[in-house]
Amino acid sequence: MTAKPQNTPPHIMVVEARFYEDLSDALWEGAERALKTVGATYERFTVPGALEIPAAIRLAHLAAEAGKLKKPFDGYVALGCVIRGETTHYETVCNESARGLMTLGTEYGLAIGNGILTCENDEQAWVRAKANELDKGGGAALAAMSLIALRKQLGS
1 MTAKPQNTPP HIMVVEARFY EDLSDALWEG AERALKTVGA TYERFTVPGA LEIPAAIRLA
61 HLAAEAGKLK KPFDGYVALG CVIRGETTHY ETVCNESARG LMTLGTEYGL AIGNGILTCE
121 NDEQAWVRAK ANELDKGGGA ALAAMSLIAL RKQLGS
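The opening position of the sequence shown corresponds to residue 1 in our numbering, with each subsequent residue numbered one higher.
Written as structure tokens, this is what we have:
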């Protein structure tokens with residue numbers, strides 16, 4: 001991958017799990033606003049659920065390494081929601097989606113903002129998702145931007 005000129009705005013891949021569509025839309029609203037505020041360019045992709053987000057990011061990274069993307073991504077934003085149900089599936093989805101994102105960050109050096117909500121109920125999810133409340137979508141976008149800036153500062 002070739003180095004980008006210093007003044008080129010970062011290009012971000014936003015991967016959004018659509019299992020809870022209304023919550024995903026709220027997370028997206030915050031993320032999009034944050035990305036526009038910092039002048040980033042972005043592309044939005046959707047997957048069925050939180051477990052598919054790390055795989056989607058890895059596929060994009062592989063495509064960039066193979067030179068198959070017109071514009072490689074500088075960072076990634078993961079958006080989705082997992083709400084506790086009646087089975088242990090909740091723990092699996094929460095833990096494995098977080099582990100997948102952490103592996104991508106630590107082993108591959110990817111700048112990822114994790115906006116996958118892990119909540120006990122709908123009420124908690126909405127407070128965290130709404131851009132005019134806790135704005136976890138916007139927070140995830142800003143976290144990715146922070147890691148991109150750190151990577152640039154460290155020269156890695």
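Glycine included, C-beta positions come from ideal geometry on N, C-alpha and C. What you are looking at is a predicted structure, and each value in this text was computed from that prediction instead of being measured.
Answer with buried or exposed for residue i, where buried requires no fewer than 16 other C-beta atoms within 10 angstroms of its C-beta.
i, result
"A157", "Only positions 1 to 156 of the chain appear in this structure, which leaves residue 157 out of reach."
"E120", "exposed"
"A140", "buried"
"A31", "buried"
"L27", "buried"
"S156", "exposed"
"S97", "buried"
"P5", "Here the model assigns P5 a pLDDT of 48, short of 50, so the residue's position is not dependable and the matter cannot be decided."
"V127", "exposed"
If you measure between the beta carbons of residue i and residue j, is that distance less than 8 Å?
i, j, result
"R35", "Y42", "The sequence as given places Leu at residue 35; Arg does not occur at that position. Cβ distance < 8 Å, so L35 and Y42 count as in contact."
"G105", "K136", "no"
Could you say which of the options lies nearest to residue i if we only look at CA atoms?
i, options, result
"P173", "M145, G39, K70, P72", "As displayed, the chain neither begins before 1 nor continues past 156, which places residue 173 out of reach and without an answer."
"G138", "E107, A60, K152, I112", "I112"
"A60", "E133, K136, I12", "I12"
"T118", "W126, V15, I83, L154", "I83"
"S24", "N7, Q124, T46, A55", "T46"
"E16", "A129, L69, L150, L154", "A129"
"K145", "F19, R44, V77", "The question names Lys, but residue 145 in the sequence shown is Met. For the residues F19, R44, V77, the minimum Cα distance to M145 belongs to V77."
"K152", "G109, L134, E133", "G109"
"R44", "E133, R18, E107, E65", "R18"
"L142", "Y20, D22, N7, T37", "T37"
Could you please give the first and the last residue of the uninterrupted alpha helix (DSSP H) stretch that includes residue i?
i, result
"Y90", "89 to 108"
Contact defined as beta carbons within less than 8 Å: I believe residue i pairs with residue j. What is the distance between those atoms, to the nearest angstrom?
i, j, result
"I57", "G80", "Not confirmed; about 12 Å, so no contact."
"G75", "I148", "5 Å"
Report whether the distance from the Cβ of residue i to the nearest heavy atom of the ligand FAD is below 7 Å.
i, result
"V93", "The ligand FAD is not part of this structure, which contains no ligands at all."
May I ask which residues mark the beginning and end of the beta strand (DSSP E) holding residue i?
i, result
"E43", "41 to 47"
"E196", "Residue numbering for the chain in the displayed model covers 1 to 156; residue 196 lies beyond these limits and cannot be assessed."
"G113", "112 to 119"
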